[in-house]
Amino acid sequence: MNNYNALINNLEELELNRIKENIDTYLDLIADGSKTAVDAFYELSELEIRLRKEQAITGCVKVANFPFLKEMKDFNFGFQPSIDKAKIMDLMTLRFIDNAENIIFCGTPGVGKTNISVSIGIAAAKQRYCVYFITFQDLIAQLKKALTENRLDARIKWFCRYKLLIIDELGYQRMDTDSANLFFNLISKRYEKSSTIITTNSPFSKWADIFKEPVLTNALLDRLLHHCSVININGPSYRLKDQLQHMSEDAS
């Protein structure tokens, strides 16, 4: 085996795939004097680093469990004039994550709460923050299951490892005391350490009805709202708009 074949094998074994793909081109450029060896090796290393970063970003987005992949550039702010676009774009800088601050999106179903939350989450994942998306119902189910299996501490630690935890659809159902305490336990553990985004269709004045424990509700809101941006969205439903549009198209 000559050195060239050995080099290709070594690149494969080291999983330097982008260098392997481009090595012939750069060897030719070195041979004809178009590039120095140093410049060629530098550019090859840059190609490999870029590939690794792209793969890392793809991995961060994939493990975040997003229900769909929609980015902020695709959001129709014109349809929801009640949304302060400047405020949303400030949140997109992700400074709130570095400061362990929370975001709560309040509004009726279909106004874009989940869409904006996912868009912020994708932006964070692309910056290689650890992000996880989960519905409130699934979160409580997982915590209750962990409690019955005597591994609650481990499960809470698992959720606490994420720099940004997105909890969707709080308020669609009332909770029993155990569920309320489990949720409070998780929020308390994340308090001032990591960021949480919550979407809810219930105003804070109704949360005591959801959690059934006024004292616990006050303590929960105290931790969530201490360092928090509250975004109220008042407007029509995107889903209803799309449905009406489809009905209109079918009628025509």
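If you read the sequence shown in this note's numbering, its first letter stands for residue 892, the second for the next number, and so on. Positions of the beta carbon are idealized from the N, C-alpha and C atoms, including for glycine.
Can you round the beta-carbon distance between residue 956 and residue 1011 to whole angstroms, since I take them to be within the 8 Å contact cut? On the sequence shown, position 65 is the one that residue 956 refers to. On the sequence shown, position 120 is the one that residue 1011 refers to. Rounded, the Cβ-Cβ distance is 15 Å, inconsistent with contact.
Determine contact between the stretch 1082-1090 and the stretch 978-996, defined as no fewer than three beta-carbon pairs at a distance below 8 Å. By the Cβ rule, the stretch 1082-1090 counts as touching the stretch 978-996, because three or more pairs are nearer than 8 Å.
DSSP state of residue 1140, grouped into three classes? Counted from its first residue, the sequence shown places residue 1140 at position 249. Only weak support is given to the placement of residue 1140: the predicted model assigns it a pLDDT of 48, under 50, and the value that follows is read from those uncertain coordinates. Three-state result, residue 1140: helix.
Cβ pair count under 8 Å reaching 3, the stretch 945-964 against the stretch 1017-1035: Three or more beta-carbon pairs separated by less than 8 Å link the stretch 945-964 to the stretch 1017-1035, which places the two stretches in contact.
Sufficient close CB pairs (3 or more, under 8 Å) joining the stretch 922-933 to the stretch 957-975: At 8 Å Cβ cutoff, the stretches do not touch.
Can the beta-carbon of residue 1031 be found closer than 8 Å to that of residue 970? In the sequence shown, the residue the question calls residue 1031 occupies position 140. In the sequence shown, the residue the question calls residue 970 occupies position 79. Cβ distance not < 8 Å, so residue 1031 and residue 970 don't count as in contact.
Sort out for me which residues DSSP pairs residue 1023 with in a bridge. Position 132 of the sequence shown, counted from the first residue, corresponds to residue 1023. Per DSSP, 1056.
Rounded to the nearest angstrom, how far is the Cβ of residue 1047 from that of residue 1080, given a contact under 8 Å? Residue mapping note: residue 1047 aligns to position 156 of the sequence shown, counting from 1. Residue mapping note: residue 1080 aligns to position 189 of the sequence shown, counting from 1. The C-beta distance from residue 1047 to residue 1080 rounds to 6 Å, short enough to meet the 8 Å contact threshold.
In the DSSP assignment, what are the bridge partners of residue 1119? Working through the sequence shown from its first residue, we reach residue 1119 at position 228. Residue 1119 pairs with 993.
Inter-residue Cα distance where the pair is residue 1137 and residue 909: Residue numbering aside, residue 1137 sits at position 246 when the sequence shown is read from its first letter. Residue numbering aside, residue 909 sits at position 18 when the sequence shown is read from its first letter. In this predicted model, residue 1137 has a pLDDT of only 48, less than 50, meaning its place in the structure is not dependable; the value taken from the coordinates is given anyway. If you draw a straight line from the Cα of residue 1137 to the Cα of residue 909, it is about 45 Å long.
Check the C-beta distance from residue 1018 over to residue 985 and give it rounded, since I have them as a contact under 8 Å. Position 127 of the sequence shown, counting from 1, holds the residue named residue 1018. Position 94 of the sequence shown, counting from 1, holds the residue named residue 985. Rounded to the nearest angstrom, the Cβ distance from residue 1018 to residue 985 is 6 Å, consistent with a contact under 8 Å.
Can you give me the C-alpha to C-alpha distance between residue 1057 and residue 1099, rounded to a whole angstrom? Numbered from its first residue, the sequence shown carries residue 1057 at position 166. Numbered from its first residue, the sequence shown carries residue 1099 at position 208. Distance between residue 1057 and residue 1099, taken at the CA atoms: about 21 Å.
Going by DSSP, name the residue or residues bridged to residue 1088. In the sequence shown, counting from the first residue as 1, residue 1088 sits at position 197. The partner list for residue 1088 (beta bridge, DSSP) reads 994 and 1057.
Check the DSSP bridge columns for residue 914 and list the partner residues they point to. If you number the sequence shown from 1, residue 914 lands on position 23. Partner(s): none; residue 914 has no beta bridge.
Quick check on the DSSP output: the alpha helix (DSSP H) that includes residue 937 runs from which residue to which? As a working mapping, residue 937 is identified with position 46 in the sequence shown. Residue 937 -> alpha helix (DSSP H) spans 928-954.
Measuring CB to CB, does residue 1008 end up less than 8 Å from residue 1069? Taking the sequence shown and counting its residues from 1, the one referred to as residue 1008 is at position 117. Taking the sequence shown and counting its residues from 1, the one referred to as residue 1069 is at position 178. Contact check for residue 1008 against residue 1069 fails: the beta carbons are separated by 8 Å or more.
Between residue 968 and the rest of its own chain, which residues show a CB-CB distance below 7 Å, the 5 nearest in sequence each way excluded? Counting from 1 along the sequence shown, the entry for residue 968 is found at position 77. Close CB contacts of residue 968 within its chain, under the 7 Å cut and outside five residues either way in sequence, are with 974 and 976 (chain order).
Please state the DSSP three-state secondary structure of residue 1124. By 1-based counting over the sequence shown, the position of residue 1124 is 233. Residue 1124: strand per DSSP, three-state reduction.
Between which two residues does the alpha helix (DSSP H) holding residue 1050 run? Residue numbering aside, residue 1050 sits at position 159 when the sequence shown is read from its first letter. Residue 1050 -> alpha helix (DSSP H) spans 1043-1051.
Coil, strand or helix - residue 963 by DSSP: Position 72 of the sequence shown holds residue 963. Looking at residue 963 - three-state DSSP - the assignment turns out to be helix.
Note down the Cα distance separating residue 1013 from residue 958, rounded to an integer number of angstroms. Locating residue 1013 in the sequence shown gives position 122, counting from the first residue. Locating residue 958 in the sequence shown gives position 67, counting from the first residue. When rounded, the distance between both Cα atoms is 11 Å.
What's the call for residue 1040, buried or exposed, on a 16-neighbour Cβ count within 10 Å? On the sequence shown, residue 1040 is found 149 positions in, with the first residue counted as 1. Flag for residue 1040 reads exposed.
What span of residues does the alpha helix (DSSP H) with residue 1081 cover, start to end? Residue 1081 sits at position 190 when you count from the first residue of the sequence shown. Residues 1068-1081.
DSSP state of residue 894, grouped into three classes? Here residue 894 refers to the residue found at position 3 of the sequence shown. Under the three-state reduction of DSSP output, residue 894 falls in the helix class.
Whole angstroms is fine: what's the gap from residue 914's alpha carbon to residue 946's? Here residue 914 refers to the residue found at position 23 of the sequence shown. Here residue 946 refers to the residue found at position 55 of the sequence shown. So the two alpha carbons sit approximately 20 Å from each other.
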